[in-house]
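Step one of this worksheet: look at the structure below.
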Amino acid sequence: MPKREIEGDWVMGWPDRKRPVLVAGKDSQGRVINGRAPITELEGLITPTDAYYVVNQLEVPEPIHPDDWVLTIGGEVGRPIEMSLRDLQKLPGRTVRAVTECAGNDAGFFDYLTKGGKKPSRINQQDMQSRAAMREQRAVPSTEEIGNESTTTCAMSAGEFTGVPLAEVLKKAGLKAGAVSVRMEGFDRGQPDLAVQYRSVGRSDFKLVDPGVINYEKGLPLEKALHPDTLLAWSMNGEYLLHIHGAPVRAVVPGWSGNWWVKWLQKIEVLNHVPQCYYQKHYFVYGSSPEDPDKEMITAMGVRCIIIDPLDEDSPLERGAHKIRGLAWSGMGAITRVEVSLDEGRTWRDAHLEEPRERWLWVRWSYLWEVDKPGQYRIMARATDEKGRVQPQIPWNYQRKHFDGIVPTDVTIV
Ligand SMILES: Nc1nc2c(c(=O)[nH]1)N[C@H]1C(S)=C(S)[C@@H](COP(=O)(O)O)O[C@H]1N2
Ligand SMILES: [Mo]
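Under my numbering, the first residue of the sequence shown carries the number 345, and numbering increases by one thereafter.
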């Protein structure tokens with residue numbers, strides 16, 4: 345066996361193992377505007393900051409100096425207030441470790457599992473640079489391009505976030521009795537990218553709703569807004585937020601998909617209704633088609649489990665003992681069980697859940713597989729949560745959001 349690579353990188357002048365590197369797309373000034381995380385290379389639980397995935401629906405705004413930044417809190421409150429970063433930092437703080445996952449992550453597997461066809465690669469190293477260029481040109485992709493482009497597995501990461509519960513800020517302003525939702529507005533402004541919208545659906549032969557130039561915004565239902573782990577965060581992984589992740593302050597909404605985690609916050613508005621924001625009503629929705637009149641906003645992620653080792657690409661494998669490893673998490677409830685099947689799902693055996701099992705973080709799991717007969721093998725894994733929900737929980741929807749199906753790994757044993 346060839347020796348596995350050790351001196352992959354020079355870090356602080358010393359040779360080290362290869363480090364996970366973000367696959368990024370840059371704008372014409374060389375600034376990263378999107379990125380895919382090399383999640384199958386994750387060791388441990390927390391994604392290093394410079395390998396954290398990046399998704400932006402609108403143009404990335406120019407940075408605001410933290411000293412010039414104020415957050416306005418108004419609407420259905422007793423005392424509308426303005427708070428600086430220092431004001432926020434005077435309130436009781438909180439740290440939460442949570443998975444951020446883009447609602448469109450793994451969308452390509454929806455079609456593979458329902459219609460069959462070619463299995464998308466577990467990690468789709470998309471050409472993020474050509475995406476960035478298309479975005480700047482505002483080009484509408486052809487159906488062929490859409491067919492080749494789906495985000496698999498790398499639009500998710502996990503981090504440690506420090507900030508203040510949104511509930512503390514709302515308490516300070518004083519919620520009025522009629523409060524129903526909390527609109528969070530970012531200071532990024534622009535027109536939604538048509539290419540992104542068409543890719544989400546997987547075709548470009550229908551008419552999109554075009555809201556024109558808007559700020560990114562979402563109206564968080566009050567119950568989730570008041571959950572103590574819903575934060576206004578200024579820190580990620582032990583340091584101040586990077587600009588691309590929403591500095592000075594972003595929302596952290598554990599268990600709910602990334603689109604709820606509004607970056608570059610500038611305004612919080614308490615409402616007596618759920619607002620019809622573009623990204624709430626037209627894009628991050630469940631529905632049967634673009635014409636469906638009963639679209640429903642998406643909220644919590646489903647029950648998720650992925651195999652990160654081995655991957656299809658690792659095939660062929662030699663006979664003997666192999667450790668099957670993966671990650672499991674859920675927006676719906678704590679993970680209590682992961683099972684592995686080696687016979688197309690006929691029988692399932694418990695995998696070992698590795699501690700810790702934090703509620704909003706993923707759980708690492710492993711299964712020792714002894715295999716001595718050469719042949720084709722299909723490895724499947726599925727997670728169960730504390731309420732007994734077994735994946736998948738989320739049905740196919742035309743926007744292909746919140747995929748939580750069981751994606752097998754196929755390997756040959758020689
Ligand atoms: N202001 C603002 N917040 C935003 C977005 C955006 O376009 N503008 N994109 C959302 C989406 S769709 C995702 S998946 C997450 C990604 O967060 P990250 O780039 O820090 O990983 O940010 C969310 N918050
Ligand atoms: Mo997203």
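Ideal Cβ positions, reconstructed from N, Cα and C, are used throughout, including at glycine.
Check: residue i C-beta below 7 angstroms from any heavy atom of ligand 1
i, result
"K607", "yes"
"W457", "As written in the sequence, residue 457 is Leu, which differs from the Trp given in the question. L457: no, Cβ never under 7 angstroms from ligand 1."
"S501", "yes"
"H746", "no"
"Y542", "no"
"D532", "yes"
"G369", "no"
"H626", "no"
"L510", "no"
"H587", "no"
"Y560", "yes"
"L402", "yes"
"G556", "no"
"Y396", "yes"
"G507", "no"
"G590", "yes"
Unbroken alpha helix (DSSP H) run spanning residue i, endpoints
i, result
"L510", "510-517"
Distance cut-off 7 angstroms: residue i Cβ against heavy atoms of ligand 2
i, result
"C446", "yes"
"N378", "no"
"G602", "yes"
"V355", "no"
"G399", "The question names Gly, but residue 399 is Val in the sequence shown. Yes, since a heavy atom of ligand 2 falls inside the 7 angstroms radius drawn around the Cβ of V399."
Proximity winner among the options, relative to residue i (alpha-carbon distances)
i, options, result
"K639", "V629, M645, G646, R648", "V629"
"G719", "I417, V618, M676, E662", "E662"
"L655", "V755, E702, L552, K463", "V755"
"E683", "E657, L705, I651, M676", "I651"
"G526", "L570, R547, L415", "Correcting the residue identity first, residue 526 is Val in this sequence and not Gly. Here the closest residue by C-alpha is L570."
"K759", "L564, V365, R648", "What the structure shows of the chain is the stretch from 345 to 758, and residue 759 is not part of that stretch, so it cannot be assessed."
"G503", "G582, H587, E406", "G582"
"T391", "R375, Y623, A442, K370", "A442"
"K625", "Q743, S674, N616", "Q743"
"G546", "A499, F453, E406", "F453"
"A517", "G461, L415, P464, H409", "L415"
"I425", "E512, P536, V484, E387", "E512"
"P382", "R543, V606, A368", "A368"
"V596", "N378, G419, R438, D411", "R438"
"L457", "G749, E698, T753, E635", "G749"
"P485", "D450, S501, V540, E445", "V540"
"D549", "D716, M427, P634, W604", "P634"
"M580", "P637, Q481, G507", "G507"
"D554", "S659, N741, L538, S544", "L538"
"D636", "P509, E688, K551", "K551"
"D431", "L576, V440, M500, K607", "L576"
"A499", "C446, D532, S474", "C446"
Bounding residues of the beta strand (DSSP E) (the contiguous stretch that carries residue i)
i, result
"S544", "Premise fails: S544 lies in the alpha helix (DSSP H), 538-545, not in any beta strand (DSSP E)."
"K562", "558-565"
"E613", "609-615"
"V526", "525-534"
"A727", "719-729"
"I652", "647-653"
"A335", "Nothing in the structure corresponds to residue 335, since the chain is present only between 345 and 758."
"I757", "753-757"
"E714", "707-715"
Per DSSP, cross-strand counterpart(s) of residue i
i, result
"M580", "F505, E583"
"P359", "W354"
"E640", "Y630"
"V734", "T728"
"W600", "A644"
"V421", "L519"
"L575", "P509, V596"
Next item on the list: Let me know the beta strand (DSSP E) ranges lying completely inside the stretch 425-482, each 3 residues or longer, listed in chain order.
Entry: 425-427, 438-445
Checklist line | Every unbroken beta strand (DSSP E) inside the stretch 660-700 [3 residues or more] | finding: 664-674, 679-685
Checklist line | Within the stretch 362-419, ranges of the beta strand (DSSP E) (whole runs, at least 3 residues) | finding: 367-370, 376-380, 415-419
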